[in-house]
Ligand SMILES: [Zn+2]
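Pasting the structure below:
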């Protein structure tokens with residue numbers, strides 16, 4: 003290996019304030035970071051996947067639903083978050099032509115699935131729109 007960049011990263015293993023699942027759509031990055039800070043979430047395990055927690059809205063036999071669950075459980079095992087935050091967003095490529103209400107309903111269904119799968123977590127679900135972030139469910 004050849005060092006191409008110098009930066010000192012912390013070596014200490016951390017306890018995460020939350021595990022956060024979002025889409026990878028970068029338009030909402032700034033809003034999400036500020037919103038999470040507002041929620042008191044500074045250090046978090048961030049699972050980014052196209053469509054956010056959409057696979058958990060209809061999880062039966064869905065490989066992505068299993069993948070997401072494994073990611074969440076790895077976060078729990080390594081960094082012991084007490085909260086799970088699920089955030090969907092408007093104009094998501096995983097929901098072409100779908101009304102915001104349908105996308106919001108999916109993130110609420112995903113939250114219900116997560117509560118059942120990991121009852122010890124506080125699960126919150128939100129919908130990011132271009133003018134701010136809305137609580138769902
Ligand atoms: Zn998206």
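Numbering (the numbering used here), first residue to last: 3 to 139. For glycine and all other residues, C-beta sits at the position ideal for the given N, C-alpha and C. This one's a predicted model, so the numbers in the text were calculated from it and none came from an experiment.
Start-to-end residues for the alpha helix (DSSP H) that takes in residue i
i           : result
residue 78  : 65 to 81
residue 104 : 102 to 119
8 Å Cβ cutoff met for residue i and residue j
i           : j           : result
residue 135 : residue 33  : yes
residue 56  : residue 108 : yes
residue 65  : residue 88  : no
residue 37  : residue 91  : no
residue 106 : residue 129 : yes
residue 78  : residue 14  : no
Proximal residues to residue i (C-beta, below 6 Å), its chain only, five neighbours per side dropped
i          : result
residue 43 : 19 and 20
residue 46 : 18, 19, 20 and 22
residue 62 : none
residue 86 : 21, 116, 123 and 125
Closest by C-alpha distance to residue i, when choosing among the options
i           : options              : result
residue 104 : 120, 37 and 138      : 138
residue 16  : 107, 83, 116 and 132 : 83
Range covered by the beta strand (DSSP E) that runs through residue i
i           : result
residue 137 : 134 to 137
residue 129 : 124 to 131
residue 90  : 85 to 91
Review point. Is it true that the segment 25 to 36 meets the segment 80 to 95, where meeting means three or more beta-carbon pairs spaced less than 8 Å apart?
Key: yes
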